[in-house]
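Scroll down for the structure; my scribbles are underneath it.
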Amino acid sequence: MNLRLSDEQRMIQKTIRKFVEKELIPLENEVLRNEREGKPSLSPEKRKDLQLKAKEAGFWGINTPEEYGGADLGQMMMAIVYMEISKTFVPFSFGGYADNILYYANEEQKRNYLIPTINGEKKSCFAMTEPGAGSDTQNIRMTAVKDGNEWVLNGEKTFITGGNEADFVMVMAVTDKEKHRQTGRDGVTCFIADRSMGWTSEYIHTMGEWGPASLFFDDVRVPEENILGEIDGGYNLGLEWIGFARWIVGAQAVGAAERLLQMAIDYSKERETFGKPIADRQAIQWQIADSAVEIEAARWLVLNAAFTLDQGEDNRHVASIAKLYGSNMGNRVVDRVLQIHGGMGYTRELPIERWYREARLWRIYDGTDEIQKLIISRNLLKGHVKVGQFV
Ligand SMILES: Cc1cc2nc3c(=O)[nH]c(=O)nc-3n(C[C@H](O)[C@H](O)[C@H](O)COP(=O)(O)OP(=O)(O)OC[C@H]3O[C@@H](n4cnc5c(N)ncnc54)[C@H](O)[C@@H]3O)c2cc1C
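Using the working numbering, read the sequence shown as starting at 119 and increasing by one per residue.
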C-alpha cells in the first residue's frame with residue numbers, strides 16, 4: 119500500500135493548481151460583481167475560453183474514454199482534480215465531457231447526442247426529480263404513452279441542473295403503470311428529449327447561484343428511437359447518473375474548505391483584538407485545528423471512494439460515507455471561517471458568504487444527508503457490508 123501520490127499524479131495536481139491560480143482565481147471579483155448585479159456568473163464566451171485554456175494545459179475529457187478523445191484519468195485523478203478546482207467558487211467545468219449514462223446510447227444516439235455533447239456542440243441535463251418525488255425517486259409520476267412510433271410525455275420535473283441551458287434532457291418517465299406500481303423501479307424508461315420537441319423550462323431562484331430549472335412536458339412527442347437503454351428498464355440508469363457524482367461532492371467540499379481555512383489562518387494573524395492577534399487565542403486555534411482534522415478525514419474518505427472505484431469494486435457504501443462526511447465537514451468549516459472573520463465574514467466584501475450559501479446545497483443534492491445515512495445503515499443492518507470491510 120502506498121499512501122502518497124505518484125510522480126505523475128503530483129505533476130497533474132501541480133498543473134491544475136497552477137491553472138486555478140492563474141486563470142480562475144483572478145476572475146473571482148468579476149464573478150461576484152456579475153452575480154450581485156443579477157447577471158450570469160460568467161458569460162458563455164468566457165466559460166468556453168476557460169475550457170480551451172484548460173485544454174491547452176492538457177485537461178480535456180478528463181473522465182472521457184480515450185476512444186472518444188478523452189484523457190480518461192481515472193477516479194483517483196478525478197478526486198484530486200476536483201479538490202483543486204474547488205479551491206475557487208468561479209464556476210468551471212472541463213470540456214470534452216458527457217454524462218455517464220449517455221455511453222449506453224446506441225450507435226445512432228451516440229452520433230446525435232454523445233459525440234456532440236463531448237464536442238461541446240450540445241448541452242445535456244438529466245431529469246428524475248419531480249415536485250412530488252425527490253428522495254423518493256420511485257414515486258415519479260411523469261407518464262409516457264405510446265402512440266404509433268412515438269411516445270407522448272406529460273408531467274413536470276424540477277430542480278434540474280442545467281435545465282435552462284440544455285439542448286436535450288435525459289428524462290425518466292413511467293411507461294408501464296402496473297409494473298411501476300408493483301416495484302417502483304420497473305416500468306420506468308429513460309428518454310432523450312430535445313428541447314425542440316416541445317418541453318419548456320423555468321428558472322428556479324435559490325439561495326445559491328446554481329439556478330436549476332423546472333421542466334414542463336405537455337404532450338411532448340418523442341420518437342421511439344430516442345429511448346436510452348431498455349424500455350421499462352430505465353430506473354437503474356437514473357441511479358447510475360445520481361451515484362456518479364456523489365463522492366465528488368466530498369472532493370469539492372475538501373477543496374473549498376482548504377481555501378477557506380487558509381483565509382481564516384491569514385486573517386487571524388492580522389486581526390488584533392485586546393492588543394493581540396486573534397490567532398493567539400485558544401478559541402480561534404481550536405477552530406483552526408478542528409477544521410484541519412476534519413478536512414484530512416474527508417480527504418481520505420474521498421480518496422478511498424475513488425480508489426475503490428478504480429479497483430473495479432462497488433463503491434456505493436464508501437461513496438455515501440464520503441459524501442455525507444465531506445459535505446457536512448464543508449458546512450462546519452465555512453461556518454467557523456465566517457465566525458473567525460467576525461462581522462467582515464458576514465459582508466459581501468468577502469466571498470465567504472457566497473461559499474456559505476453554496477455549501478448548504480452539498481447536504482441536499484445527489485442524495486440528502488438523511489438518504490446517505492439510510493443507505494449506510496441499511497447496508498450494515500442487512501449485512502451487504504460488514505463493519506471494517508473496506509480496510
Ligand atoms: C440545486 C439543485 C440541483 C439539483 N439537480 C438535479 C438534477 O440535475 N436532476 C435531478 O433529477 N434532480 C436534481 N436535484 C434534486 C435533488 O436530487 C433533490 O432535491 C433531493 O434528492 C431531495 O429531494 P427533495 O428536495 O424532494 O426533498 P424530499 O425528498 O422531499 O425530502 C425532504 C426532507 O425529508 C428527508 N427525508 C426524505 N425521505 C426520508 C426518509 N426516508 N428518512 C428520513 N428522512 C427523509 C430529506 O432528507 C429532506 O431532509 C437538484 C436539487 C437542487 C436543490
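Even for Gly, the Cβ is constructed at its ideal location relative to N, Cα and C.
Between the CA atoms of residue j and residue i - distance to the nearest angstrom
i	j	result
residue 311	residue 163	26 angstroms
residue 380	residue 211	24 angstroms
residue 510	residue 498	Outside the shown range of the chain (119 to 509) lies residue 510, about which nothing can therefore be said.
residue 143	residue 372	17 angstroms
residue 244	residue 250	17 angstroms
residue 322	residue 248	13 angstroms
residue 465	residue 325	16 angstroms
residue 139	residue 167	16 angstroms
residue 463	residue 422	33 angstroms
residue 287	residue 309	8 angstroms
residue 442	residue 496	15 angstroms
residue 418	residue 265	52 angstroms
residue 384	residue 436	34 angstroms
residue 506	residue 431	16 angstroms
residue 440	residue 416	7 angstroms
residue 500	residue 427	22 angstroms
residue 229	residue 238	13 angstroms
Whole-Å CB distance - residue i paired with residue j, under 8 angstroms assumed
i	j	result
residue 448	residue 480	6 angstroms
residue 335	residue 272	6 angstroms
residue 137	residue 172	6 angstroms
residue 313	residue 285	6 angstroms
Cβ-heavy atom distance, residue i to ligand 2, below 7 angstroms
i	result
residue 489	Ligand 2 is not part of the structure shown, which contains ligand 1 as its ligands.
Beta-carbon gap between residue i and residue j smaller than 8 angstroms
i	j	result
residue 351	residue 434	no
residue 279	residue 293	no
residue 374	residue 477	yes
residue 346	residue 223	yes
residue 127	residue 194	yes
residue 364	residue 487	no
residue 333	residue 275	yes
residue 343	residue 226	yes
residue 378	residue 258	no
residue 451	residue 482	no
residue 424	residue 197	yes
residue 367	residue 445	yes
residue 124	residue 370	no
residue 520	residue 493	For residue 520 there is no data in the structure shown, the boundaries of the chain being 119 and 509.
residue 467	residue 327	no
residue 386	residue 458	yes
Close beta carbons around residue i, own chain, < 6 angstroms, minus the five adjacent residues each side
i	result
residue 263	270
residue 214	178, 179, 182, 188, 236
residue 246	255, 290, 356
residue 339	268, 270
residue 472	207
residue 134	199, 202
residue 454	405, 409
Own chain partners of residue i with C-beta closer than 7 angstroms, once the 5 adjacent residues on each side are dropped
i	result
residue 303	256, 353
residue 349	293, 307
residue 475	325, 326
Contacting residues, own chain, Cβ-Cβ under 8 angstroms from residue i (five flanking each side not counted)
i	result
residue 184	190
residue 242	216, 217, 220, 231, 235, 280, 284, 285, 286, 287, 288
residue 208	142, 143, 145, 146, 149, 159, 160
residue 315	338, 339, 340
residue 329	282, 321, 322, 323
Legend entry - alpha helix (DSSP H) runs contained entirely in the segment 298-380, provided each spans 4 or more residues: 353-362
Legend entry - Any beta strand (DSSP E) of 3 or more consecutive residues that is wholly inside the segment 225-300: If you keep only unbroken beta strand (DSSP E) runs of at least 3 residues inside the segment 225-300, you get 242-245, 261-265, 268-278, 286-292.
Inset, instruction - Pick out the complete alpha helix (DSSP H) segments inside the segment 130-185, 4 residues or longer, and give them in chain order. - result: 146-154, 162-174
Inset, instruction - Counting only runs of 3+ residues fully inside the segment 376-431, write out the beta strand (DSSP E) ranges in chain order. - result: none
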